[in-house]
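What follows is a set of notes on a single structure, which appears directly below.
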Amino acid sequence: MPFVRIDALGADRDRLDALGRAVHDAMVETIGFPPDDRFQVLVGHQGAVSTLRYDDYLGVHRDDGVVYIAITLRSGRPPERKKALYRRVAELAQEYAGTEPRNVFVVLTENESVDWSFGHGLAQYAEPTVPADLADPAAPIEPVSSPAEES
Amino acid sequence: MPFVRIDALGADRDRLDALGRAVHDAMVETIGFPPDDRFQVLVGHQGAVSTLRYDDYLGVHRDDGVVYIAITLRSGRPPERKKALYRRVAELAQEYAGTEPRNVFVVLTENESVDWSFGHGLAQYAEPTVPADLADPAAPIEPVSSPAEES
Amino acid sequence: MPFVRIDALGADRDRLDALGRAVHDAMVETIGFPPDDRFQVLVGHQGAVSTLRYDDYLGVHRDDGVVYIAITLRSGRPPERKKALYRRVAELAQEYAGTEPRNVFVVLTENESVDWSFGHGLAQYAEPTVPADLADPAAPIEPVSSPAEES
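Protein chains in written order, with this note's numbering: chain A, 1 to 151; chain B, 1 to 151; chain C, 1 to 151.
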């Protein structure tokens, strides 16, 4: 479900790939998303009129390694899981992409089950036949053996 | 009102135009938006560091024909209209752009009347003079004779 | 906190910079954001498959000078401040970038304190040590002596 936009500066395709995996693996581990529940838009800004702006808000020093991660997901995740997500994204962004934790910015926006269509013109989460674990965003997290999948 | 972002892979301008029309016509038909209520950002990702990621979540097989459609609109649309919207978007994306319904992904995010400014620095939906049908997102849909307008 | 996306047509880097400053200064003045609380994605659409669509909705005549400004911020700002924001954005977009007020489109999306991470893997607004003025979006606006800062 989560719909993710990642915006970074520069033209390194491998870095952008790594950031996408960092965000996805962190969400699988901490929120409990299925490993194949991945929908991402990855954009590196490097052209004449496409860029990012940032400052040192809250005393956090940022530089051109800054990464903006905007995630849309259903409401219902407890604050503890969101905090775990931020921690893990920062860790994996550093591990996978060399991004310093100070440069990792995350913002979440929530909606509801009926606000998603995953193809075939259906609102899968709002259909009577949807599995219970997909219908309940607050369901316990199942252990994930290998979250670091990549296509 | 709706603010729409459409992200697709590839460099076919006509296809992106067709997807924009598919989404707009579907919204006019199923949600009842006025035909001239169109605000869209259309982006084809084809460069070195701008791309989409996807998997076969929920058993839906996707490929590089995948289209991400993110719509911001006011709260208040009943679930039935949202479901009708998904169905119609999938139909028209196929009819106009040749996109297979399995590749059509839609996510909605809601806000309120005061969260919109349509120019001139005004919050048009929150002004006392706004017409009633614009002020009420749950108002009945008026029949639309020719929704397939294009500028 | 606010996360801002600005989409415009054309390839003028100075214009995009000016629009970014217009939106930021307007938010500092009317909503009371700290001057260094700036997180922006600025995109000029000029390529083969990246563009904007618009019509004359609500009788407002728009042209290729149209600017889409999408702002994510925490809930709690009173309607009066949002209206003041729209007015000031339109004024400053004209003053800084020559954008006509009719071409300035703004849409807000709200979330909560725990939905933000400003680096270091922390949910700064949801930590017990966060300063009170950062924790309360409805707190009175402090006078800002020089909002027109630029990095």
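Just so it is clear, CB atoms sit at the ideal spot from N, CA and C, and this is done for glycine as well.
For Leu16 (chain B), no CB of chain A lies under 7 angstroms from its own CB, so it is not counted at the interface with that chain.
Separation of Leu85 (chain C) and Ser50 (chain B) (C-alpha to C-alpha, rounded to the nearest whole angstrom) is 32 angstroms.
Close CB contacts of Ile71 (chain C) within its chain, under the 6 angstroms cut and outside five residues either way in sequence, are with Pro2, Val4, Leu108 (chain order). Distance from Val60 (chain B) to Ala8 (chain B) at the Cβ level is roughly 17 angstroms; contact not present, criterion being Cβ atoms closer than 8 angstroms. The C-beta separation of Val114 (chain A) from Ala126 (chain A) comes to about 4 angstroms, placing the pair in contact by the 8 angstroms criterion. Of all residues in the segment 102-119 of chain A, the ones placed with a Cβ closer than 9 angstroms to any Cβ belonging to chain C are Arg102, Asn103, Val104, Phe105, Val106, Val107, Leu108, Thr109, Glu110, in chain order. Shortest Cα-Cα distance from Phe33 (chain B) to any of B:Arg77, B:Ala48, B:Asp12, B:Lys83 involves B:Arg77. At a cut-off of 7 angstroms between beta-carbon atoms, Arg87 (chain B) makes contact with chain A. Secondary structure at Leu92 (chain B): helix, using DSSP grouped into helix, strand and coil. In the displayed model, Glu100 (chain A) falls within coil according to three-state DSSP, outside both helix and strand.
Residues of chain A with a Cβ closer than 9 angstroms to the Cβ of Glu29 (chain B) do not exist; the shortest Cβ-Cβ separation is about 13 angstroms. Restricting attention to B:Val106, B:Ile69, B:Asp56, the CA atom closest to the CA of Leu42 (chain B) is found in B:Ile69. From the beta-carbon of Val60 (chain B), the residues of chain A found nearer than 8 angstroms are Phe118, Gly119, His120. When rounded, the separation of the alpha-carbon atoms in Pro101 (chain C) and Gln40 (chain A) is 34 angstroms. In the DSSP assignment, His24 (chain A) falls within the alpha helix (DSSP H) that extends over 13-30. Listed along chain C are Val41, each with a C-beta nearer than 8 angstroms to that of Asp7 (chain A). Between Arg13 (chain C) and Ala48 (chain A), the C-beta spacing is below 7 angstroms. If the five residues before and after Ser75 (chain B) are omitted, its C-beta is found closer than 6 angstroms to the C-beta atoms of Glu110, all from its own chain and listed in chain order. From the listed residues B:Pro35, B:Tyr54, B:Leu19, the smallest Cα separation to Asp36 (chain A) is found for B:Tyr54. Residue-level contact check: Asp37 (chain A) touches chain B, since one or more beta carbons of chain B fall below 7 angstroms from its beta carbon. For the options A:Met27, A:Leu58, A:Asp17, the alpha carbon positioned closest to that of Val89 (chain A) is the one of A:Met27. Among the bridge pairs identified by DSSP, Glu110 (chain B) is matched with B:Leu73. Going by DSSP, Leu58 (chain C) is part of no beta strand (DSSP E) at all; its letter is neither H nor E.
Scanning A:Pro128, A:Phe105, A:Glu80 for the CA closest to the CA of Thr30 (chain A) turns up A:Glu80.
With respect to the 7 angstroms criterion, Leu92 (chain A) and Asp25 (chain A) are classified as neighbours on the basis of their beta carbons. Looking only at C:Gly44, C:Lys82, C:Lys83, the smallest Cα-Cα distance to Gly65 (chain C) is reached by C:Gly44.
About 17 angstroms separates the Cβ atoms of Gly20 (chain A) and Gln46 (chain A), ruling out a contact at the 8 angstroms cut-off. Rounded to the nearest whole angstrom, the C-alpha separation of Arg62 (chain A) and Asn103 (chain B) is 37 angstroms. Contact between Arg87 (chain B) and Gly121 (chain A) holds, since their C-beta atoms are separated by about 4 angstroms, short of 8 angstroms. Between the alpha carbons of Ala123 (chain B) and Val106 (chain C) lies a gap of roughly 9 angstroms. Inter-residue distance for Arg38 (chain C) and Pro128 (chain A) is about 43 angstroms (C-alpha atoms, whole angstroms).
Thr99 (chain B) and Arg15 (chain B) have their C-alpha atoms roughly 9 angstroms apart.
Here DSSP, grouped into helix, strand and coil, assigns Asp64 (chain A) to coil. Taking C-beta separations shorter than 8 angstroms and ignoring five residues to either side along the sequence, the partners of Ser117 (chain A) in its chain run Ala123, Gln124, following chain order.
Using a Cβ-Cβ cut-off of 7 angstroms, Tyr57 (chain C) counts as an interface residue toward chain B, since at least one Cβ of chain B sits closer than that to its own. Under the 7 angstroms criterion on CB atoms, Tyr125 (chain C) is classed as non-interfacial with respect to chain B.
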